[in-house]
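Residue numbers (this note's numbering): 1221 to 1754.
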């Protein structure tokens, strides 16, 4: 609908989505050929690729109609579009691919695969946009070249708004830059107060049958817990070993940090203690008798704790609904296990590969989530640095490269302010939005910067006139691209799944920030830069 309102032609809706559809299919096919399994991280992949790709197609269409209005044939208009805006698209594709390529520094395969697939998708859509789309435009329009051209960006409120933006940038560039700086500083300050705690209840819809059933069960039997375990190896069935296991359990439960986190423990020592009426036998022979009795009467229960003759599992029930609490509980267990493992009188081995032999769901979740956020943060920061470096090389100016990357940096930092204002944590899905901000923000920035350079340096126009032409022409295209992508994510924000809804809403806001940065802040910075270099 948005594309139809923009171009007023049905085929101008179908052709971009044909390109985007083919590119997405090729990307998914690459996932299959590479043997990459689908994970939760890839939920954001297709929306990100569509958001980036729609920008490419709209810029080609916009420049095609701009050239057609000069009286050029369909073929010449298409060639001219590829030769001009196609250069900007190639730059955006290169920088975006490099940005996603930086995800390869992550230690986590899902994040590495995300960067690889996102970069592949961008490449496929770039190739199709600069080859298939112009060819289809020529085939469609060559028969009707003598007729009045249909299509082109519709005139209306968008043009009026862009005209006001143009005047505002011309006369208030200093105020715009100062205002953007203040907002950025406030967002950076708010980032220090963000939490990375993730509650697993947020992944569930309140009216789901499974949630209602779980709530009824918890009302009757109490909250369901998860379990960590410790693996002990050695001569298990001795008084010394069982007393050390029993002591380890009690030390963990009595830890001052354990505020209703570790609610229960179970072990072979605890099982024998209960079986003997509150005692641990003083000899190996007596222990063997108790174990033999348990094997005959409760074999399944005994097998939970005793593996063969020299391995035993100690279980710890964890009462937690957030990854932060899981980490706290796991840290408590690991610290005590490490202390006991280092005791000179400890007869059992409580380590694996030199570290505490602690496992279980909470421990795994704690370790994975503890790695994902730092890895993604580092990857995204590296992506921003690489984008700025590539722009500096392309435009042959370090300052211009930094200015060109400003919409990306602003959208990334302003996202923190939104998270703080809405009270949302900085979790995995929100970091995916940061990747989206890079992919779309750099596209907007390069098109604006490239067109400004074309008008100012190549065509010899004044900085003011160059900015005016840039905002009027490129501004319409990136506004259309942003509106289309925002519309997609607004639909996602209506999802019944809270994480998906939050991802859609935050993505729409961040894309809007990228648009504001490219239309208002970047032109103001470019105009100031041009004035300094005149």
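Positions of the beta carbon are idealized from the N, C-alpha and C atoms, including for glycine.
- Counting C-beta atoms within 10 angstroms of its own C-beta, residue 1408 has fewer than 16 neighbours from the protein chains shown and is therefore classed as exposed.
- Your pair residue 1488 and residue 1462 checks out as a contact, with CB atoms roughly 7 Å apart and the cut at 8 Å.
- Residue 1450 and residue 1533 have their C-alpha atoms spaced approximately 6 Å apart.
- Rounded to whole angstroms, the separation of the alpha carbons of residue 1638 and residue 1452 is 47 Å.
- Around the C-beta of residue 1640, 16 or more other C-beta atoms lie within 10 Å, and the residue is accordingly described as buried.
- Within the same chain, Cβ atoms closer than 6 Å to the Cβ of residue 1297 are found at 1284, 1287, 1288, the five residues on either side in sequence being excluded.
- Per DSSP, residue 1609 has no beta-bridge partner at all.
- Under the three-state reduction of DSSP output, residue 1576 falls in the strand class.
- Shown here, residue 1315 sits in a helix according to DSSP, grouped into three states.
- In terms of Cβ geometry, residue 1345 and residue 1271 do not form a close pair [threshold 7 Å].
- Under DSSP, residue 1531 forms a beta bridge with 1453, 1527.
- Residue pairing by DSSP places residue 1484 opposite 1537 in a beta bridge.
- The three-state secondary structure of residue 1569, taken from DSSP, is strand.
- Of the residues assessed, residue 1576 falls on the buried side of the cut-off, its CB having 16 or more other CB atoms within 10 angstroms.
- Judged by DSSP in its simplified three-state form, residue 1446 adopts strand.
- At a Cβ-Cβ threshold of 7 Å, residue 1552 and residue 1478 count as neighbours.
- Taking the CA atoms as reference points, residue 1464 sits about 30 Å from residue 1543.
- Non-local C-beta neighbours of residue 1320 in its own chain, meaning closer than 6 Å and more than five positions away in sequence, comprise 1335, 1338, 1339, ordered along the chain.
- Counting the other CB atoms within 10 Å of its CB gives residue 1663 a total of 16 or more, which places it among the buried residues.
- Around the CB of residue 1673, 16 or more other CB atoms lie within 10 Å, so the residue is classed as buried.
- 1594 is the residue among 1594, 1697, 1671 whose C-alpha sits nearest the C-alpha of residue 1323.
- Residue 1628 is positioned such that its CB atom lies closer than 7 Å to that of residue 1604.
- Sorting 1267, 1266, 1279 by C-alpha distance to the C-alpha of residue 1699 places 1279 at the top.
- When secondary structure is reduced to three states using DSSP, residue 1542 falls in the strand class.
- Check the Cα spacing between residue 1303 and each of 1497, 1350, 1460: the tightest is with 1350.
- It is roughly 50 Å from the alpha-carbon of residue 1573 to the alpha-carbon of residue 1617.
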